[in-house]
Amino acid sequence: MTIEIALGAVRVDDRAATAARALAVARSTALGVLGDAAAAEDVAQEVAIVALQRSPRDPAKLDAWLHRVAVRKAIDETRRRKRRRTIALGGTDDDTPARRRRPPAEAAALDDGVVRALALLRPLPPRQRAALTLRYVHDLPDDAIARALGCRPATVRSLLARGRDALRETLEDR
Amino acid sequence: MIEDLLAPLAPREPTDAEIERLLARADARRRRRRIRIASGAALATAAATAALAALPSPEEAPVVTAASLLGTTAALAADQPGPPAWTGYRYTRQVWRHKQGSATIERVEEQWTDSAWQGRRSSPRAKVVAGELAPASAAPELPADVRREIAERPAQLSERARSAIAAASVPDPKYVLGARDIQTPRDMPNLYGDAALAKVPLADLPTDADALASLLLESHEDGRWTLYGGWDPVPEAVKYGVLRDILTLLTLANVTPDQRAGLITVLRDYEGVTPLPAVKDHRGREGRGVDIAGIRVIFSPETAEVLEWSEGEDVHTFVVSGHVTRIGDRP
């Protein structure tokens, strides 16, 4: 099975091609927003299954649909994770510090470059992470990012500018 | 510059195996939905079985996280046919195996519980299945100085005094093994006990997992549903207590399918929860489950009922679980 992923030429004439494209785009998008491979995989699987059931059949629209749904599901998941209290038996209510110290279980399986990219994005708010991922990973223009995030292009420009500033600060601190 | 740093996140082509697994999951989900729509409540169990049988085998299954395993189980629990909310009785037939000294004891117990923890618990005489139960006369006498310590400062006992008390606490085998038939409120206030959920109004338990987790933690902290008030739990024990009560609610309480789904989902919030995608209970039944800090919970892959939960040598195996309209009825 040969499926073009990195380029725009997507064959959606069979289910396998749609599945491959959906999984690849949703996984990459969700990973950028969530910063957690296991959670991103859950989101990607959900998005890809929905894509197989009711995504646009027009290849030109499929990617836009995938970006929009993956970003929104991933942002929803970050909110849910923030709301949810991690219940540590016999310990304190440590939701974040211990979890931040603990490397993700799947980190060992990730490529070093991916780990570094996620570490850069991790301090940013989810919408900035989403905007930067869609621009610099998926190469989308402002208006496409705006459609994915459900906001105006001006808001996207602002998100990108703040995100870039934050990344530069992080890099200068290193 | 930023492009270069983020480039490793670029989409990568899934493997053929990943694509096949995804297509299989999508097909299984579509089949389940069709079956659910087409069949009535009487066919629901058979339908779930058929749909699950079509799932890929464990060797082909994608990597399962605790969250996804519990999410799938919760969705299955929510899909189960349910009687009108909080009516009738939850029925369970449980085999409870535990250690008493060097003996392993097995008790088979039936329970009928209504939505206020009222009902009946009944079991024939328990069996010693391994080891030997010490006679009550085997308990050593407490040394004089320990007796004095207990009399003088019962709230601040030394380690030695605690050990001596533990060694002397040998229950009478007649009580440990005897047949039981408890009816509430005749014999005791309820079938639950006097801890945090003694007076829980089941109708107030939300189905949203986040809200449910918060409510259970808060109620264990402030004791709002305890029998007698004066609740002052050890802070470190609250989360463990909530976990044990989630298991009690899942196995014995007369909750709705949606509430069971919420309770299962809360388990994923426990730190260190480990998925067990394929595991067998002590009766050899296959299920899927999780380990949480030494507590193992195994769910039926067909009904999402708890097949078994265990903590060390304390094993609760649920042979039958269901709903009936009267005490004495069985599903």
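Sequence lines, in order, name chains A and B. Each step along the first sequence adds one to the number in the numbering used here, with nothing skipped, and position 144 is 144. Each step along the second sequence adds one to the number in the numbering used here, with nothing skipped, and position 164 is 1164. Every residue gets a Cβ at the ideal spot worked out from N, C-alpha and C, and that includes glycine.
{"Item": "Check whether chain B comes within 7 Å of residue 49/A, counting only Cβ atoms and requiring the distance to be less than that.", "Value": "yes"}
{"Item": "Quick check: what's the CA-CA separation for residue 1132/B versus residue 1329/B?", "Value": "35 Å"}
{"Item": "Give the C-beta separation of residue 71/A and residue 130/A to the nearest angstrom, bearing in mind that I take them to be a contact with Cβ-Cβ under 8 Å.", "Value": "5 Å"}
{"Item": "Closer than 9 Å between beta carbons: that is the criterion. Which residues of the region 112–137 of chain A meet it against chain B?", "Value": "112, 113, 114, 115, 116, 117, 118, 120, 121, 132, 133, 135, 136 and 137"}
{"Item": "So which residues of chain A does residue 1207/B contact, with C-beta pairs closer than 7 Å?", "Value": "Near residue 1207/B there are no residues of chain A at all, since even the closest Cβ is about 15 Å away, more than 7 Å."}
{"Item": "According to DSSP, simplified to helix, strand and coil, what is residue 1048/B?", "Value": "Bear in mind that a pLDDT of 41 at residue 1048/B, under 50, signals an unreliable position, so the model cannot answer this."}
{"Item": "Would you mind reading off the limits of the beta strand (DSSP E) that contains residue 1109/B?", "Value": "1103–1113"}
{"Item": "When you compare each of 123/A, 152/A and 144/A to residue 163/A by their alpha carbons, which one comes out closest?", "Value": "123/A"}
{"Item": "Considering just the uninterrupted stretch of the beta strand (DSSP E) at residue 1127/B, what are its terminal residues?", "Value": "1127–1130"}
{"Item": "Establish whether the CB of residue 1325/B and some CB of chain A are separated by less than 7 Å.", "Value": "no"}
{"Item": "Where do the N-terminal and C-terminal ends of the alpha helix (DSSP H) with residue 49/A fall, by residue?", "Value": "37–54"}
{"Item": "Are any of the Cβ atoms in chain A nearer than 7 Å to that of residue 1313/B?", "Value": "no"}
{"Item": "Please work out which residues of its chain come closer than 7 Å, Cβ to Cβ, to residue 1020/B, disregarding the five sequence neighbours upstream and downstream, and give them in chain order.", "Value": "none"}
{"Item": "Counting C-beta neighbours from all protein chains within 10 Å, is the total for residue 1228/B 16 or more, i.e. buried, or is it exposed?", "Value": "exposed"}
{"Item": "What I want to know is whether the C-beta of residue 1010/B ends up closer than 6 Å to one or more non-hydrogen atoms of the ligand HEM.", "Value": "The ligand HEM is not part of the structure shown, which contains no ligands of any sort."}
{"Item": "Apply the 10 Å Cβ neighbour rule to residue 1003/B and answer buried if 16 or more other Cβ atoms are within range, or exposed otherwise.", "Value": "exposed"}
{"Item": "Measuring only the C-alpha atoms, how far is residue 135/A from residue 1008/B?", "Value": "14 Å"}
{"Item": "Quick check: the Cα distance between residue 1072/B and residue 140/A, rounded to an integer number of angstroms?", "Value": "34 Å"}
{"Item": "Which whole-angstrom value is the C-beta distance of residue 1097/B and residue 1104/B, which I expect to be below 8 Å?", "Value": "6 Å"}
{"Item": "Among 1174/B, 1240/B, 1312/B and 1130/B, which has the Cα closest to the Cα of residue 1269/B?", "Value": "1240/B"}
{"Item": "If the criterion is Cβ atoms closer than 7 Å, does the pair residue 1309/B and residue 1191/B meet it?", "Value": "no"}
{"Item": "Restricting to Cα atoms, I'd like to know which of 1280/B, 1317/B, 1284/B and 1259/B is closest to residue 1076/B.", "Value": "1259/B"}
{"Item": "In the DSSP assignment, what are the bridge partners of residue 1098/B?", "Value": "1105/B"}
{"Item": "Roughly how many angstroms lie between the CA atoms of residue 1247/B and residue 1292/B, to the nearest whole one?", "Value": "12 Å"}
{"Item": "To which residues of the same chain is residue 146/A closer than 8 Å at the C-beta, ignoring the five residues directly before and after it?", "Value": "152, 153, 155 and 156"}
{"Item": "Using a beta-carbon distance cut-off of less than 7 Å, what residues from the region 1061–1077 of chain B approach chain A?", "Value": "1065, 1067 and 1068"}
{"Item": "Counting only beta-carbon atoms, is residue 1150/B nearer than 7 Å to chain A?", "Value": "no"}
{"Item": "Determine the extent of the alpha helix (DSSP H) in which residue 1280/B is found, giving its start and end residues.", "Value": "Not the alpha helix (DSSP H): residue 1280/B falls in the beta strand (DSSP E), residues 1274–1280."}
{"Item": "Measure the beta-carbon distance from residue 25/A to residue 52/A and round it to whole angstroms, keeping in mind my assumption that it falls under 8 Å.", "Value": "The pair is not a contact, with the Cβ atoms about 13 Å apart (cut-off 8 Å)."}
{"Item": "How about the region 1184–1200 of chain B and the region 1149–1156 of chain B: do they share at least three Cβ pairs that are nearer than 8 Å?", "Value": "no"}
{"Item": "Of the residues that make up the region 151–167 of chain A, which ones have a beta carbon closer than 7 Å to any beta carbon in chain B?", "Value": "164 and 167"}
{"Item": "Just the Cα atoms here: how many angstroms apart are residue 1208/B and residue 1074/B?", "Value": "11 Å"}
{"Item": "So, does the CB of residue 52/A fall closer than 7 Å to a CB anywhere in chain B?", "Value": "yes"}
{"Item": "Interface residues of chain A around residue 1002/B at Cβ under 8 Å?", "Value": "132, 136, 164 and 167"}
{"Item": "Which partner residues does residue 1228/B have in the DSSP bridge list?", "Value": "DSSP output for residue 1228/B lists no bridge partner at all."}
{"Item": "Taking a contact to mean a Cβ-Cβ separation below 7 Å, would you say residue 1113/B touches residue 1090/B in this structure?", "Value": "yes"}
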